[in-house]
Amino acid sequence: MNKCTDEEQIFDLIEKNKAILSEKQVACALSMLWQFQKQKTSLLKNVECIRDHPQFLTLHNLATTKMEFMNDNTLVNVLYIIQQFGFEAHDPLVEALVTEAWRRLERFDINMLSKFSSCLADQHLCFSPLMGKIADIVNRNLETIQDLRLKSTILLMSEELTSQQALAVMGAMEEMESRNSHLIKKIASILYKHLDNYKPVELLRITQALIFLHFQSKELFVKLRELLLSYLKVSVIPSEISLLVCALSMLPSPHLDEARISQIEAVLPQCDLNDLNSFATSVLRCIQFDPMYRNNTPGKQLKLLQKLDHYGRQRLQKCSSLNLLWEEVKSLKGDWFADSLLEETVVTLQRLMDEINYINVAGIASFISRTNYLSTSLLDRIASVVLQQNEKIHPFAILAIILPFSALNYDPPQRDEFFGTCLQHLNSYLSILDPLKLVFLGYSLATREYFSEDLLKAIFNIRFLAKLDSQLELLCSSLNMKVQFRLMELNRAVCLECPEYQIPWFHDRFCQQQYKKDFGRMNGAEQQIYKMLAEVLGGINFVKASVLTPYYYTIDFECILDKRKKPIPYGSHNTTLGKLPKIHSELNTQIAGSRLPPGAEKIALEFLDSRAFCRNIPHLKGKSAMKKRHLEILGYHVIQIPHFEWNSMALSTKNARMDYLRERLFGEGKSSS
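Below is the structure:
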């Protein structure tokens with residue numbers, strides 16, 4: 291290639307050798323073609339002809355398939371050249387190169403960052419989250435950067451940002467969970483300059499972003515408060531009033547005076563459930579954070595909350611259309627809704643559930659998942675709609691439909707037919723489904739003891755896991771960690787429940803890193819149980835706290851009983867109450883009882899707080915039920931101690947609790963002492 295003197299010679303070489311070209315040769319060919327163009331005068335340049343040449347398209351396709359093997363410098367250079375030949379941002383190769391570069395961004399040197407940021411600027415992506423990420427990296431290395439062009443371009447074109455561009459950058463930083471104080475301060479100063487020009491909804495977005503990013507500025511917050519109040523005094527639209535009050539309640543030392551409370555009360559009859567929920571959340575936030583209300587809550591605020599409850603219930607009771615109801619409840623969340631209106635909302639959904647169909651079924655299912663409220667009649671109706679109308683349901687809605695059955699640990703009538711229909715509907719889409727959704731789908735089905743070999747093969751292969759890794763690097767840290775945990779939990783479930791699939795356990799390193807970070811102190815109830823267990827069993831050396839099992843389940847307490855139900859002591863170990871002992875673990879996959887005396891068994895005692903149960907009834911949720919199932923596979927006899935039993939009036943004395951533990955452990959009646 292280096293001996294070629296024009297484009298046609300390059301193209302001849304490509305045509306003859308396209309089956310064996312390496313990624314370096316592909317990059318070299320593209321580079322040579324661009325060099326030839328650069329050497330020509332503007333009159334002789336023939337970019338369009340080169341771009342449309344059949345062998346250039348061959349190069350384009352080869353670059354797509356060999357992109358992941360390119361080194362960092364080659365990757366960015368190919369992106370630059372492809373763009374010089376006029377390929378737009380939506381071209382598949384350009385999109386793939388940008389995504390791959392994003393994945394590698396942290397290891398780019400400053401020159402590559404500079405070239406990559408120029409490519410993004412050419413795509414009009416100056417204010418994208420990706421450019422924000424580059425700015426973040428630049429800021430962290432500001433002192434070592436010699437490229438003044440990059441400094442002036444990234445940090446952050448600040449003097450040229452319009453009010454809307456500054457708002458977009460702040461939104462991108464919020465999405466990235468940025469903690470770069472220098473960059474946040476710069477953008478906040480631009481927002482301050484333009485503050486008078488923003489609409490109420492934009493002021494709310496600014497307030498939310500600044501609070502989320504932990505930005506502190508008395509001057510900016512004072513001006514924000516003044517603007518919000520000035521808008522509020524003249525507003526008569528319920529939705530606008532609710533968002534202004536919401537923004538005010540987020541600012542430091544929030545306070546609602548009597549005039550604002552009266553203004554809210556005046557518009558309540560016109561409010562939908564979203565507005566009512568927003569008002570209630572704001573009032574509760576003011577009560578919680580306003581120093582004036584530390585010792586007592588004024589009657590005006592309590593009266594307003596009562597009115598909000600009244601209008602919310604009234605609106606639900608009058609509702610006669612499921613679709614209208616759904617428009618109002620689909621995004622509701624927060625303590626007020628959960629405590630005051632959730633039950634009434636479920637009653638209304640049950641009243642209108644004949645209107646659930648293929649169009650709204652996924653939304654209703656998603657809502658039930660979020661609320662943790664188990665309504666078997668609603669879930670049965672959802673399953674019925676899936677079985678009757680599955681051909682009309684969009685395949686990508688299947689995960690949302692399955693989720694409440696998984697989360698709430700409920701099997702509908704015709705369980706296998708229901709789950710089978712869901713998966714059959716998805717099978718032909720497994721290769722194109724978003725990797726994150728595929729992991730969540732596999733986990734949700736595993737929670738219900740439903741394992742599809744096709745689905746598991748689609749997830750547990752090198753190609754898919756590499757694709758997932760690439761996508762994880764583009765996510766915020768919290769979502770990234772959630773996906774990794776779900777993949778680990780699915781891997782564990784398959785190893786324990788479907789060993790015949792021979793899927794290996796590959797999460798040892800991940801789990802070791804997490805449990806080094808996550809082991810903390812016992813809470814009050816756990817300390818009580820630990821102390822009483824030691825007494826019941828005959829001493830502290832008969833019980834272990836915070837045991838780590840094979841496959842990295844944590845058990846609150848563990849003990850061993852022989853075949854006559856007599857406790858067997860462990861070796862000596864020191865434990866201070868309230869502090870966890872050294873993690874006890876068997877970092878292999880042998881079952882728990884494999885080295886015990888004949889007839890003996892290991893007991894796992896788990897204290898279950900409210901998160902383990904459905905909101906409305908003491909029904910064990912899917913994750914806790916799966917853990918019990920897996921511990922039993924590992925050889926444990928599992929004893930679960932629900933919080934509502936341990937904290938009940940029946941167990942209000944120490945003796946009653948000791949008797950309760952004896953009965954659960956040994957099956958004995960009350961003690962004589």
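Note that the working numbering has the sequence shown beginning at 291, numbered continuously upward.
Where a beta carbon is used, it is the ideal one built from N, C-alpha and C, also for glycine.
Assigned secondary structure, residue i (DSSP; H/G/I helix, E/B strand, else coil)
i: residue 308; result: coil
i: residue 837; result: strand
i: residue 440; result: Per-residue confidence for residue 440 stands at a pLDDT of 46, beneath the threshold of 50, marking its modelled position as unreliable; the derived number appears in the next sentence. DSSP places residue 440 in helix when its eight states are reduced to three.
i: residue 752; result: helix
i: residue 844; result: strand
i: residue 910; result: strand
i: residue 649; result: coil
i: residue 903; result: strand
i: residue 887; result: coil
i: residue 477; result: helix
i: residue 764; result: coil
i: residue 950; result: helix
i: residue 469; result: coil
i: residue 561; result: coil
i: residue 378; result: coil
i: residue 701; result: coil
i: residue 875; result: With a pLDDT of 42 at residue 875, under the threshold of 50, the modelled position of this residue cannot be trusted, and the question is left open.
i: residue 446; result: coil
i: residue 794; result: coil
Through-space distance from residue j to residue i, alpha-carbon basis
i: residue 523; j: residue 642; result: 39 Å
i: residue 375; j: residue 328; result: 11 Å
i: residue 380; j: residue 575; result: 44 Å
i: residue 444; j: residue 695; result: Caution is warranted here: a pLDDT of 49 is assigned to residue 444, below 50, making its placement in the model unreliable, and the coordinate value is therefore given only provisionally. Near 48 Å, if we compare the C-alpha coordinates of residue 695 and residue 444.
i: residue 353; j: residue 300; result: 16 Å
i: residue 319; j: residue 291; result: 7 Å
i: residue 888; j: residue 624; result: 53 Å
i: residue 881; j: residue 636; result: Any reading at residue 881 must be qualified, since the residue scores a pLDDT of 44, below 50, and its modelled position is unreliable; the value itself is stated next. Rounded to whole angstroms, residue 881 to residue 636 spans 43 Å at the Cα level.
i: residue 744; j: residue 716; result: 11 Å
i: residue 855; j: residue 833; result: 14 Å
i: residue 666; j: residue 731; result: 21 Å
i: residue 820; j: residue 698; result: 29 Å
i: residue 503; j: residue 477; result: 12 Å
i: residue 844; j: residue 836; result: 6 Å
i: residue 953; j: residue 929; result: 11 Å
i: residue 675; j: residue 776; result: 28 Å
i: residue 483; j: residue 452; result: 10 Å
i: residue 932; j: residue 923; result: 21 Å
i: residue 446; j: residue 480; result: 11 Å
i: residue 321; j: residue 801; result: 45 Å
i: residue 395; j: residue 388; result: 10 Å
i: residue 714; j: residue 679; result: 14 Å
Limits of the unbroken alpha helix (DSSP H) element including residue i
i: residue 318; result: 313-328
i: residue 357; result: Here residue 357 belongs to no alpha helix (DSSP H), and DSSP marks it neither H nor E.
i: residue 822; result: 814-827
i: residue 609; result: Note, residue 609: premise wrong, no alpha helix (DSSP H); not H, not E.
i: residue 711; result: 705-716
i: residue 296; result: Careful: residue 296 lies outside any alpha helix (DSSP H) and carries neither H nor E.
i: residue 339; result: 337-342
i: residue 383; result: 382-394
i: residue 771; result: 767-787
i: residue 498; result: 490-502
i: residue 737; result: 725-737
i: residue 638; result: 632-641
i: residue 536; result: 528-540
i: residue 697; result: 688-697
i: residue 397; result: Residue 397 -> no alpha helix (DSSP H), and no H or E assigned at all.
i: residue 672; result: 666-679
i: residue 516; result: 508-524
Identified DSSP bridge partners for residue i
i: residue 892; result: 850, 926
i: residue 898; result: 932
i: residue 857; result: 851
- Does the stretch 670-677 come close enough to the stretch 909-929 to have 3 or more Cβ pairs within less than 8 Å? no
- Should the stretch 300-310 be called in touch with the stretch 353-360, which here means at least 3 C-beta pairs below 8 Å? As far as the Cβ criterion goes, the stretch 300-310 does not touch the stretch 353-360, which means the pair count is below three.
- Does the stretch 702-714 come close enough to the stretch 747-754 that 3 or more CB-CB pairs lie under 8 Å? no
- Message: Three or more C-beta pairs under 8 Å: does that hold for the stretch 843-850 against the stretch 883-896?
- Response: yes
- Message: Below 8 Å, how does it come out for the stretch 644-658 and the stretch 602-615: are there three or more Cβ pairs, yes or no?
- Response: Segments in contact, yes.
- Would you say the stretch 728-735 touches the stretch 774-783, given that touching needs at least three Cβ pairs under 8 Å? yes
- Hey, is the stretch 562-570 in contact with the stretch 594-607, meaning 3+ C-beta pairs nearer than 8 Å? Output reads yes: the stretch 594-607 touches the stretch 562-570.
- Item | the stretch 809-824 touching the stretch 791-798, judged by at least three CB pairs closer than 8 Å | no
- Message: Three Cβ pairs or more, each shorter than 8 Å: is that satisfied between the stretch 903-914 and the stretch 947-955?
- Response: no
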